[in-house]
Amino acid sequence: MVGAGVLSLPSAMASLGWGPGVVILVLSWIITLYTLWQMVEMHEMVPGKRFDRYHELGQHAFGEKLGLWIVVPQQLICEVGVDIVYMVTGGKSLQKIHDLVCQHRKDCKNIKTTYFIMIFASVHFVLSHLPNFNAISGISLAAAIMSLSYSTIAWVASVDKRVHNHVDVAVEYGYKASTSAGNVFNFSMP
């Protein structure tokens, strides 16, 4: 799955190093696979009844009223939190693009981050009113191409910097923290 969490993988690998980084990566994959398997199994665990939504599963597990009171607030907190993070991240990314484009131009003005967040949210508001995912297949294709482009730009830029600078830099692959706990948990706070 490609999402915002994927963007933190280079930082996690850089902080932990190759050994623990790969172990954590494989462990997160196993946990994701296990939770996916659990969700598939719970989808039709009662013969003749399908649980297509989380609140239906909560009602089955905890009862009609209590199930809603347990599941719905958690869903709302998660949805609102993810929306806020994506809007702020998208707005800051737009601002960074603006700053890079206007870096050497004198006719550009500084624009507040709030306005970029509003622009990003407005585009998403329009996209959210499309009838289904088939209506945005072009956008999905563009997103896939951009994901590949990011990766390509990253490795081409690093190779280009190495070739053009002709600098023989000794790369340090050791652990960055001084304690074992620091090595294990450094990836979460780069």
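Per the working numbering, the sequence shown starts with residue 71, numbered consecutively.
Even for Gly, the Cβ is constructed at its ideal location relative to N, Cα and C.
T183: member of the alpha helix (DSSP H) spanning 183 to 198, first to last residue. Look at the beta carbons and you see the region 135 to 142 not touching the region 160 to 172: under three pairs across the two are nearer than 8 Å. For Y104 and L95, the gap between their C-alpha atoms comes out near 14 Å. The C-alpha of F195 lies about 15 Å from the C-alpha of V155. In the DSSP assignment, Q173 falls outside any alpha helix (DSSP H), carrying neither H nor E.
Straight through space, the alpha carbons of D177 and A227 are spaced by roughly 29 Å.
Here V116 is bridged, per DSSP, to K119.
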